[in-house]
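Participant:
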Amino acid sequence: MIMKKVSGILRVKNDSRFIRDCIESCIDALDELIIVHNDCTDSSPLMIERMREQYPDKIKVFEYPYKVYGPGLTKEEYDYACSLPADSPHLLCNYYN
């Protein structure tokens with residue numbers, strides 16, 4: 001018999017205020033939770049690490065090391081993002097994938 005497992009993925013950027021509640025709301029329903037944080041300037045990475053320590057068998061953490069160009073760009077940033085190749089790790093669509 002093949003056992004099915006459920007994975008969740010959580011992308012985080014400056015969500016320290018909500019990260020604990022977010023994880024607690026779903027962790028019991030998941031076999032694993034993959035958390036990817038990017039360009040955090042708050043205490044999100046610390047909060048995530050605390051949660052990983054609380055659920056070491058369920059939570060896996062990765063940092064996405066590239067600057068991501070997404071919503072709210074300046075005209076200059078938008079023009080730059082448009083000049084990037086389609087597979088650039090700086091594009092929001094590639095971060096999401």
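According to the working numbering, the residues represented by the sequence shown are 1 to 97, in order. Virtual Cβ for every residue (Gly too), placed ideally from N, Cα, C. None of these values were measured; they are calculated from a predicted model.
Which residue wins for smallest C-alpha separation from residue 53, given the options 20, 8, 88, 74?
Facilitator: Residue 53 sits at position 53 when you count from the first residue of the sequence shown. Closest option to residue 53, Cα to Cα, is 20.
Participant: DSSP state of residue 17, grouped into three classes?
Facilitator: Translated into positions along the sequence shown, residue 17 becomes position 17. Note: residue 17 maps to coil in three-state DSSP.
Participant: My assumption, with CB atoms under 8 Å, is that residue 37 sits in contact with residue 63. Please give the rounded CB distance.
Facilitator: For the purposes of this step, residue 37 is taken as the residue at position 37 of the sequence shown. For the purposes of this step, residue 63 is taken as the residue at position 63 of the sequence shown. Indeed, because the Cβ distance is near 6 Å, the residues count as touching under 8 Å.
Participant: With DSSP as the reference, label residue 60 as helix, strand or coil.
Facilitator: Counting from 1 along the sequence shown, the entry for residue 60 is found at position 60. Note: residue 60 maps to strand in three-state DSSP.
Participant: Going by other Cβ atoms of all chains shown within 10 Å of its Cβ, with 16 needed for buried, is residue 1 buried or exposed?
Facilitator: If you number the sequence shown from 1, residue 1 lands on position 1. Looking at its Cβ environment, which holds fewer than 16 other Cβ atoms inside 10 Å, residue 1 is exposed.
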